[in-house]
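All residue numbers for the sequence shown refer to my numbering, where the first residue is 4 and numbers rise by one. Heads up, the beta-carbon is just placed ideally off N, CA and C, and yes, glycines get one too. The block underneath contains the structure these notes are about, expressed in structure tokens.
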Amino acid sequence: MKRLLTAVRTITIFAAVAMLYLVHAASAQTTHTVLAVADSYITVHFELGGPGSTHGADAVLEEIGPAGFQSYPLIRFDLSQYAGQSVVGPASLTLHVPYTWNNVTVSQSIIVYRVLVPWIESTVTWNNFGPGPICNKNVTCTSLSAVSVTVSPGSTVTFSNLPASLLQRWIDNPSSNHGLLLFSTTGVDDEDIAFASRESKVAAGPELKFSTVPKPC
Numbered sequence: 004m005k006r007l008l009t010a011v012r013t014i015t016i017f018a019a020v021a022m023l024y025l026v027h028a029a030s031a032q033t034t035h036t037v038l039a040v041a042d043s044y045i046t047v048h049f050e051l052g053g054p055g056s057t058h059g060a061d062a063v064l065e066e067i068g069p070a071g072f073q074s075y076p077l078i079r080f081d082l083s084q085y086a087g088q089s090v091v092g093p094a095s096l097t098l099h100v101p102y103t104w105n106n107v108t109v110s111q112s113i114i115v116y117r118v119l120v121p122w123i124e125s126t127v128t129w130n131n132f133g134p135g136p137i138c139n140k141n142v143t144c145t146s147l148s149a150v151s152v153t154v155s156p157g158s159t160v161t162f163s164n165l166p167a168s169l170l171q172r173w174i175d176n177p178s179s180n181h182g183l184l185l186f187s188t189t190g191v192d193d194e195d196i197a198f199a200s201r202e203s204k205v206a207a208g209p210e211l212k213f214s215t216v217p218k219p220c
């Protein structure tokens, strides 16, 4: 009986400690909004400079689908400052739209892919990135998030449900963080979207929002 009571007390204490940790973790949850540290886009569009052109200093990230004049933004965030934190729940990526094709209302379906290879904002091009996005070579084949949007100048586009595991990987292993590529699957002409880059003077650049709690000791 004495052993049984001791075991019950031990279990009770353990449960109480676990509950206290959960309460503390919930109260310690912090939400962060992080701005991109690098962004650019790769393109074959001759009016945007063609496959050898660089766009790391541009004020916009051109998004054009596979109708012929393809353009795909690349975005990277630095999460190394969150070492020792655990990501809670999904994250979201928000982009602002200062311009569209002819500043009219346009529609696109866009998929977010994880980038598998390093790239440099000032030098990345369509040619040296792939050429272009190549499934399982420089981007994953699995969608992280996807949206179908109809936008006009001044709109905001948000990709929800980016997996917490992705951000945790970037926090725990910063060398694996090569960012994201936004791939439009819209094959209709004249549906171009210009997202604000981090260099934009008229709208905020890419924003990543997520929550963390301290990792247990």
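key: E194, DSSP secondary structure in three states   = Position 191 of the sequence shown, counting from 1, holds the residue named residue 194. Reduced to three states, the DSSP call for E194 is coil.
inquiry  = Using C-beta distances below 8 Å, list every residue in its chain close to T46, excluding the 5 sequence neighbours before and after it, in chain order.
reply    = Looking up residue 46 in the sequence shown gives position 43. Hits under 8 Å: G52, G53, P54, S56, H58, E65, I67, F72, Q73, S74, Y75, W129.
ask   = Which residues in the same chain have their Cβ closer than 6 Å to the Cβ of V160, if we skip the five residues on either side of it in sequence?
value = Sequence index remark: in the sequence shown, residue 160 carries index 157 (1-based). Only L98, V152 meet the Cβ criterion.
request  = With DSSP as the reference, label F2 as helix, strand or coil.
outcome  = Limits of the chain in this structure are 4 at one end and 220 at the other, which puts residue 2 out of reach.
ask   = Should A39 be labelled buried (16 or more other beta-carbon atoms within 10 Å of its own) or exposed?
value = Within the sequence shown, numbered from 1, the residue matching residue 39 stands at position 36. Answer is buried; the Cβ neighbour count reaches 16.
message = Assuming the contact rule is C-beta atoms closer than 8 Å, S200 and D42 should be a hit. Round their C-beta distance to whole Å, please.
response = Position 197 of the sequence shown, counted from the first residue, corresponds to residue 200. Position 39 of the sequence shown, counted from the first residue, corresponds to residue 42. Indeed, because the Cβ distance is near 5 Å, the residues count as touching under 8 Å.
ask   = How big is the Cα-Cα spacing for G182 and K218?
value = Here the question's residue 182 lines up with position 179 in the sequence shown. Here the question's residue 218 lines up with position 215 in the sequence shown. Their backbone Cα atoms lie some 24 Å apart in a straight line.
key: Segment limits, alpha helix (DSSP H) that includes Q171   = Your numbering for residue 171 matches position 168 in the sequence shown. For Q171, the enclosing alpha helix (DSSP H) has its first and last residue at 167-175.
ask   = CA-CA distance, S155 and P166?
value = Taking the first residue of the sequence shown as 1, we reach residue 155 at position 152. Taking the first residue of the sequence shown as 1, we reach residue 166 at position 163. CA-to-CA, the gap between S155 and P166 works out to about 28 Å.
message = I need the DSSP call for P219, collapsed to helix, strand or coil.
response = Within the sequence shown, residue 219 is the residue found at index 216, counting from 1. In this structure, DSSP gives P219 a state outside helix and strand, which the three-state scheme calls coil.
request  = Whole angstroms is fine: what's the gap from T34's alpha carbon to P209's?
outcome  = Sequence index remark: in the sequence shown, residue 34 carries index 31 (1-based). Sequence index remark: in the sequence shown, residue 209 carries index 206 (1-based). If I take the Cα positions, the gap works out to 17 Å.
ask   = Under a Cβ-count criterion, where at least 16 other Cβ atoms within 10 Å of its own Cβ denotes burial, should T126 be classed as buried or exposed?
value = Position 123 of the sequence shown, counted from the first residue, corresponds to residue 126. With fewer than 16 other Cβ atoms within 10 Å, it is exposed.
ask   = In or out: P136 buried (at least 16 other Cβ within 10 Å) or exposed?
value = Mapped onto the sequence shown, residue 136 falls at position 133. In the assembly as shown, P136 is a buried residue. Its beta-carbon has 16 or more other beta-carbons within 10 Å.
query = Excluding five sequence neighbours on each side, which residues of the same chain lie with their C-beta closer than 6 Å to the C-beta of V216?
reply = Here residue 216 refers to the residue found at position 213 of the sequence shown. Cβ within range, chain order: A28, A31, Q32, S89, V91.
query = Taking A94 as the reference, which of D175, Q84, T36 has the closest Cα?
reply = Along the sequence shown, one-based indexing puts residue 94 at 91. Considering only alpha carbons, the answer is T36.
task = Have a look at V115 and T188 and give me their C-alpha separation to the nearest angstrom.
result = Position 112 of the sequence shown, counted from the first residue, corresponds to residue 115. Position 185 of the sequence shown, counted from the first residue, corresponds to residue 188. V115 and T188: Cα-Cα distance of roughly 11 Å.
message = Taking only three categories from DSSP, how would you classify F213?
response = The residue given as residue 213 occupies position 210 in the sequence shown. In the structure shown, F213 falls within a strand segment according to DSSP collapsed to helix, strand and coil.
key: Complete alpha helix (DSSP H) runs within the region 120-156 (minimum length 4 residues, chain order)   = Taking only runs of at least 4 residues, the alpha helix (DSSP H) segments lying wholly in the region 120-156 are 129-132.
inquiry  = Less than 6 Å between C-beta atoms, sequence neighbours within five positions excluded: which residues of the same chain meet that for S148?
reply    = For the purposes of this step, residue 148 is taken as residue 145 along the sequence shown, with counting starting at 1. So the list reads V115, F162, N164, L165, once near-sequence residues are dropped.
query = So is A197 buried or exposed if we call it buried at 16+ other beta carbons inside 10 Å?
reply = The residue given as residue 197 occupies position 194 in the sequence shown. Flag for A197 reads buried.
Spatial distance of Y24 from G190 (CA atoms) = Mapped onto the sequence shown, residue 24 falls at position 21. Mapped onto the sequence shown, residue 190 falls at position 187. Any reading at Y24 needs caution, since the residue's pLDDT is 43, under 50, leaving its predicted position unreliable; the model's value is listed next. One C-alpha to the other measures close to 51 Å.
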